[in-house]
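Numbering follows the working numbering, with no gaps: position 35 of the sequence shown is 35.
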Amino acid sequence: MNAYDTHPESTAHPRPTAQDRPAGPPEPGELTGRTAVVTGAAQGIGREVALLLAASGAARLILLDRDAALLDTVVKEVHDLGADVVPVPVDLRDRALVRTRLRTALRAAGRLDILVNNAGVADENGPDDETTWLRVLDINLHGTFAVTAACLEHLVDKGRIVNVSSILGKAGKMRNTAYCASKHGLIGYTKGLALDLAARGITVNAVLPGWIDTPMLRRELAAQADEIGADPVRMLRQARKSIPLRRLVEAREAAELIGFLVSDRAAAITAQSLTVDGGYTRGM
1 MNAYDTHPES TAHPRPTAQD RPAGPPEPGE LTGRTAVVTG AAQGIGREVA
51 LLLAASGAAR LILLDRDAAL LDTVVKEVHD LGADVVPVPV DLRDRALVRT
101 RLRTALRAAG RLDILVNNAG VADENGPDDE TTWLRVLDIN LHGTFAVTAA
151 CLEHLVDKGR IVNVSSILGK AGKMRNTAYC ASKHGLIGYT KGLALDLAAR
201 GITVNAVLPG WIDTPMLRRE LAAQADEIGA DPVRMLRQAR KSIPLRRLVE
251 AREAAELIGF LVSDRAAAIT AQSLTVDGGY TRGM
């Protein structure tokens with residue numbers, strides 16, 4: 001028995017075999033009774049994941065985000081779908097507060113079935129900008145580790161962990177050394193953690209979004225356009241043209257991939273990095 005072998009397999013909601021369900025995101029009621037933690041839940045992919053899990057029957061959602069006002073809006077949306085919600089407004093850089101609030105919420109819930117590490121920032125940095133380097137790594141990589149570490153003692157056997165990386169976890173981009181390093185690191189962390197937890201039937205996978213139509217992407221394009229004196233609308237149009245499907249991926253579509261990975265039908269998928277980018281990286 002290892003340090004995390006604290007939860008026998010639950011019989012509260014017996015899990016169907018893969019043959020019982022078609023491929024795809026969870027169906028209504030498929031995640032009935034489950035408890036999930038989602039970070040970066042106030043907008044974009046995190047918000048869509050929270051809504052999808054609630055619509056699929058999750059009983060309890062513990063939602064983390066540093067933007068308390070935006071988080072409150074999502075809490076109301078999720079509650080309207082019938083799930084109990086515990087908002088945890090916190091900056092992932094405050095490790096002590098993350099541990100305290102998360103463990104309090106998890107003890108009250110009594111169990112954890114699903115963890116989705118989505119929180120992250122995409123600040124640009126120069127090759128010698130140590131301040132931004134440390135901030136981005138602290139949130140994107142170290143923050144993911146801190147949340148996961150706080151969750152592991154509560155995670156049930158056959159639980160699910162999904163880490164949201166990026167296509168830049170397999171590539172490079174000018175003025176984005178910190179972001180690229182953090183997302184490369186998440187893929188390595190995912191693969192190693194998957195092996196550590198495999199004996200308990202826990203799966204750990206990474207999702208690599210490309211050009212996803214989120215508020216963060218819009219802000220990033222606007223900042224880049226302002227820096228070079230370009231038209232942000234034109235830059236967005238060029239971004240779409242660079243994607244074989246000729247459109248940005250919707251946050252909901254990334255959430256549906258995550259939803260599949262946390263479902264019973266993905267029980268044999270672990271230590272993988274799955275891309276959702278409309279063909280942008282062409283199988284990189």
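Every residue gets a Cβ at the ideal spot worked out from N, C-alpha and C, and that includes glycine.
This one's a predicted model, so the numbers in the text were calculated from it and none came from an experiment.
Which residues DSSP lists as bridging residue i, in chain order
| i | result |
| --- | --- |
| V86 | I62 |
| A36 | L61 and I114 |
| V249 | I212 |
| T190 | T190 pairs with nothing; no bridge assigned. |
| N205 | V162 |
| N140 | Answer is none; N140 lacks a bridge partner. |
Closest Cα partner of residue i within the set the options
| i | options | result |
| --- | --- | --- |
| L102 | D65, L195, L51 and R47 | D65 |
| D94 | F145, L208 and D72 | F145 |
| Y189 | V38, N140 and R247 | N140 |
| G33 | H79, I187, Q43 and R111 | R111 |
| A268 | A198, G143 and I228 | A198 |
| A266 | V74, G44 and I161 | I161 |
| Q238 | V204, Y280 and L97 | Y280 |
| A165 | L137, A230, L152 and D128 | For the sequence presented, residue 165 should be read as Ser rather than Ala. Among L137, A230, L152 and D128, the Cα nearest to that of S165 belongs to L137. |
| D258 | I228, N205, A223 and E250 | The question names Asp, yet the displayed sequence has Ile at residue 258. Ranking I228, N205, A223 and E250 by Cα distance to I258 puts N205 first. |
| G44 | Q272, E250 and S273 | E250 |
| H142 | E153, P127 and N163 | N163 |
Straight-line Cα distance separating residue j from residue i
| i | j | result |
| --- | --- | --- |
| A41 | V88 | 10 Å |
| D157 | R200 | 5 Å |
| A181 | K170 | 10 Å |
| L61 | A69 | 17 Å |
| H184 | V86 | 31 Å |
| L81 | E130 | 43 Å |
| E77 | R252 | 15 Å |
| A225 | V121 | 19 Å |
| L168 | P232 | 21 Å |
| R15 | G159 | The predicted position of R15 is uncertain, since its pLDDT is 49 and thus under 50; a value taken from the coordinates is nonetheless stated next. When rounded, the distance between both Cα atoms is 11 Å. |
| R175 | L217 | 16 Å |
| T275 | L63 | 24 Å |
| T100 | M235 | 43 Å |
| S242 | D123 | 22 Å |
| T270 | T203 | 5 Å |
| N118 | A230 | 30 Å |
| T177 | L134 | 11 Å |
Presumed contact (8 Å Cβ cut-off) between residue i and residue j, rounded CB distance
| i | j | result |
| --- | --- | --- |
| L31 | S56 | 4 Å |
| L301 | L115 | This structure does not reach residue 301, given that the chain is present from 1 up to 284, and the question cannot be answered. |
Where residue i sits in the DSSP three-state scheme
| i | result |
| --- | --- |
| G159 | strand |
| T131 | helix |
| A3 | Residue confidence is low: A3 scores 43 on pLDDT, short of 50, so the model does not pin down where it sits. No coordinate-derived value is stated. |
| S273 | strand |
| A268 | coil |
| H13 | With a pLDDT of 42 at H13, under the threshold of 50, the predicted position of this residue should be treated as unreliable, and no value is reported. |
| C151 | helix |
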